[in-house]
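Some notes on the structure that comes next.
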Amino acid sequence: MSMTHYMELLATNQPWNLIVFMAIPVILAETVAITELFILFNRDVSSGLRKLNKFAGIIGGFYFLGVFIYLFFKAVIPLTTGGGWRGIVDIIAVGFYLSGVIPLMGMALLEIGVIYKNKTPEQKMFIHAVFVAVFLAVAHIAMIFGMLNPNLLMISGGKM
């Protein structure tokens, strides 16, 4: 069975690609998501959990920016210019994976005070939660499409 470039990336060079491109970003993002629930429930913006949340958000955002830049130049540009995409499923999987940089960097920039400086703590908490939700949505779409056979949505003759 054929696989998407997303899944091929994770399956190649085991276990290193899986660690670098999936485990580290997911552990940081899930740390943010889980601690976010406790912070929102308790409205506690000064606890140790909030510090962990902030740390994971900043590190996760900048880490994934590095992943994005690396994969954009090493995979997206060559696949696009060389006609190497394996159909729309492949493009969706990789595109949604890389689009995770938007909410993750948004979270990091919010945490270091680059964006939304003049918002109240409650407004910042809301914006932060929106970034977490958007990241979880795009990451799950990437995973779902990444696990599909890329030929699934091809029209006969192997063309989209």
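First residue of the sequence shown? That's 1 in full-length UniProt numbering, and the numbers climb one at a time after it.
All residues carry an ideal CB built from backbone N, CA and C; glycine is no exception.
Only a predicted model underlies this, so the values are computations on that prediction, with no experimental measurement involved.
Would you mind giving the Cβ-Cβ distance between residue i and residue j, rounded to the nearest angstrom? I have them listed as a contact below 8 Å.
i    : j    : result
A133 : L40  : About 11 Å separates the two Cβ atoms, so there is no contact after all.
M1   : N149 : 5 Å
L98  : F68  : 6 Å
A107 : V32  : Here residue 107 turns out to be Met, not Ala, going by the sequence shown. The pair is a contact, with the Cβ atoms about 7 Å apart (cut-off 8 Å).
D6   : A93  : Checking the sequence shown, residue 6 turns out to be Tyr, not Asp. Indeed they touch by this definition, with Cβ atoms about 4 Å apart.
Once the 5 residues before and after residue i are set aside, which same chain residues still bring their CB inside 6 Å of it?
i           : result
G60         : L28, A29, L104
I91         : W85
F131        : P103, G106, M107
residue 161 : Given a span of 1 to 160 for the chain in the structure shown, any question on residue 161 remains unanswerable.
Can you find the residues in the same chain that come closer than 7 Å, C-beta to C-beta, to residue i, ignoring five residues on each side of it along the sequence?
i    : result
N151 : S2, G87
E111 : K54, G57, I58
L49  : T35, F38, I39
L10  : N17, L18, F21, M22
V89  : T4, F145, L148, P150, L152, L153
L71  : L98
T81  : none
To which residues of the same chain is residue i closer than 8 Å at the C-beta, ignoring the five residues directly before and after it?
i    : result
V26  : A139
I24  : Y63
I115 : G106, L109
D44  : F38, R50
May I ask you to verify whether the segment 9-22 touches the segment 46-58, counting CB pairs closer than 8 Å and requiring at least 3? no
Can you list the alpha helix (DSSP H) stretches of 4 or more residues lying completely in the segment 33-114, in chain order? 48-71, 77-81, 88-99, 101-111
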